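The next block holds one structure in the form of structure tokens; read it before the comments.
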Amino acid sequence: MLTSVVMTVLWWPRTEVTYRSDAPSGVVYADRVPHSLALVHSHTPSGRHSYKMVIGRENVQTYGHWVDIDTALGKDGIESTTWTQAGVRVRFPTGHEVFVPARFFLYGR
Numbered sequence: 022m023l024t025s026v027v028m029t030v031l032w033w034p035r036t037e038v039t040y041r042s043d044a045p046s047g048v049v050y051a052d053r054v055p056h057s058l059a060l061v062h063s064h065t066p067s068g069r070h071s072y073k074m075v076i077g078r079e080n081v082q083t084y085g086h087w088v089d090i091d092t093a094l095g096k097d098g099i100e101s102t103t104w105t106q107a108g109v110r111v112r113f114p115t116g117h118e119v120f121v122p123a124r125f126f127l128y129g130r
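The sequence shown begins at 22 in our numbering and counts up one residue at a time.
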């Protein structure tokens with residue numbers, strides 16, 4: 022039993038938002054609600070790290086369109102985001118870019 026508890030604690034992830042961006046008021050999507058993007062860092066006491074980007078309506082930490090981000094990119098954070106009617110472009114300090122079309126995060130997806 023004690024082993025189970027210890028293993029659970031060691032593998033239980035902790036999460037933190039390391040970057041957040043809100044779509045500017047001038048970018049209004051078909052669902053007519055504000056949208057946000059967050060880079061979420063999950064880590065365990067045992068040393069496992071993962072990064073995911075989530076894009077969706079206002080409180081994006083809990084629900085939205087999730088994109089896995091390679092740890093090598095995520096650890097340095099996001100350099101910039103550019104919101105357009107077509108979607109959101111994310112640029113990393115390494116020069117890598119990810120574009121997520123709006124259709125993937127509209128209407129609460």
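Don't be surprised by glycine CBs; every beta carbon is placed ideally from N, CA and C. These numbers were taken from a predicted model, which means no experiment stands behind them.
Those residues which DSSP pairs with Pro122 across a bridge: Gly108
According to DSSP, is Gly116 helix, strand or coil? coil
CB-CB length for Ile76 against Val121, believed under 8 Å: 6 Å
So what's Thr39 in DSSP terms, helix, strand or just coil? strand
Drop a sphere of 10 angstroms on the beta-carbon of Thr105, count the other beta-carbons inside from all chains shown, and report buried for 16 or more, exposed for fewer. exposed
For the candidate residues Tyr50, Ala123, Asp52, Thr36, whose alpha-carbon lies nearest to that of Thr65? Thr36
Please tell me whether Leu58 and Tyr72 are closer than 8 Å, where the distance is taken between their beta carbons. no
Can you tell me which of Arg69, Ala44, Ala93, Arg53 puts its alpha carbon nearest to the alpha carbon of Gly108? Ala44
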